[in-house]
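Residue numbers (my numbering): 806 to 1086.
One structure is given below, encoded as structure tokens.
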Ligand code: NAP
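Here is the structure:
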């Protein structure tokens, strides 16, 4: 391997420590500790694990855990009414509706109840619109975690050619917009892109969020490029990403591993967003 590893675990720890410091300063100045309301509907085991982790890091950073659990058969009206209560409660700094919600619920309509200033996942239409217009707002956690990693490793973005593989609302689209905000020249690829490896090979900064294991290997990496793997796939031999790590790492200059790359950054950015929400309110 010739590439330098981007250590997401260590960077996420630093971000969480910075947030904890910010919370302590807020409290020392007489403010209330930020409160994060995670909302879990139903008993999906994977979602339960995600929510438990979010609550744990929130408490470790000195924030208040205002978790709410609704039964799987809750009605749209009841779920909406809980979100309205949290939206109106001044003690709640941030609201996170864990997705996916049970199939009978309209998740978009529920997300729309969350005020932009408390939308710590950055997924509401209001925050997506602010990002699209290049105006301040709470940003989606995974792509803003990628930007933080790039910054911590001093990867130049202004004028760089960035290629994003994937155009999802959760990752690809906001990723491209955050890179534009940082003055990169951005190409977005998706399942209809022709000559994907060739497009990727033009990238100084390549971010892959396609959800396809080992989609991009050495033939899609420009020598010396920075390669960010957002994909997560659980297989027989543990976790792997959308990048064929062993071959890509022979060509890249910097590369994220899976696990230990982008994954830990997502929760760290949720904490950062919750502190931002609390201080802005
Ligand atoms: P998604 O909603 O399924 O979107 C995947 C995107 O990739 C789509 O835009 C799709 O194109 C594109 N795509 C699919 N196959 C492709 C191919 N063969 N060539 C080029 N583009 C292709 O997935 P997502 O939510 O963005 O997540 C992507 C990956 O990131 C998943 O593995 C997910 O588990 C992981 N993830 C990780 C984190 C983290 O914290 N590390 C957070 C979120 C997601 P079309 O639009 O044309 O269909």
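Where a beta carbon is used, it is the ideal one built from N, C-alpha and C, also for glycine.
Listed in chain order, the non-local C-beta contacts of residue 899 below 6 angstroms within the same chain comprise 841, 923, 925, 1079 and 1082, local neighbours out to five positions each way being set aside.
With a cutoff of 8 angstroms, residue 914 does not count as near ligand 1, since its C-beta is closer than that to no heavy atom of the ligand. The closest heavy atom of ligand 1 lies 8 angstroms or more from the beta carbon of residue 863. In the three-state reduction of the DSSP assignment, residue 893 falls in the helix class.
Distances taken from the Cβ of residue 1037 to the heavy atoms of ligand 1 include one shorter than 8 angstroms. When DSSP assignments are scanned along the stretch 807-891, the uninterrupted stretches of beta strand (DSSP E) that are 3 or more residues long and fall wholly within it turn out to be 840-846 and 873-875. Residue pairing for residue 946: DSSP places it in no beta bridge. For residue 997, the three-state secondary structure derived from DSSP is coil.
Counting C-beta atoms within 10 angstroms of its own C-beta, residue 1073 has 16 or more neighbours from the protein chains shown and is therefore classed as buried. Nearest C-alpha to residue 897 among 916, 871, 884 and 907: 871. For residue 966, the pairing in a beta bridge is given by DSSP as 990. The C-alpha of residue 975 is placed about 11 angstroms away from the C-alpha of residue 1015. Counting other Cβ atoms within 10 Å of its Cβ, residue 880 stays below 16 and is therefore classed as exposed. Residue 901 places its beta carbon less than 9 angstroms from that of residue 1075.
Checking the DSSP bridge columns, you'll see residue 1033 partnered with 1012. Taking 8 angstroms as the cut-off, one finds no heavy atom of ligand 1 near enough to the beta carbon of residue 1043.
Judged by their CB atoms, residue 869 and residue 839 are nearer to each other than the 9 angstroms cut-off. Counted as a single uninterrupted DSSP element, the alpha helix (DSSP H) harbouring residue 934 occupies residues 930-937.
The nearest non-hydrogen atom of ligand 1 is 8 angstroms or more from the C-beta of residue 1056.
Taking a contact as a CB-CB distance under 8 angstroms, the pair residue 1020 and residue 1047 counts as one, their CB atoms being some 5 angstroms apart. About 5 angstroms separates the CB atoms of residue 1056 and residue 1023; that is less than 8 angstroms, so the two are in contact.
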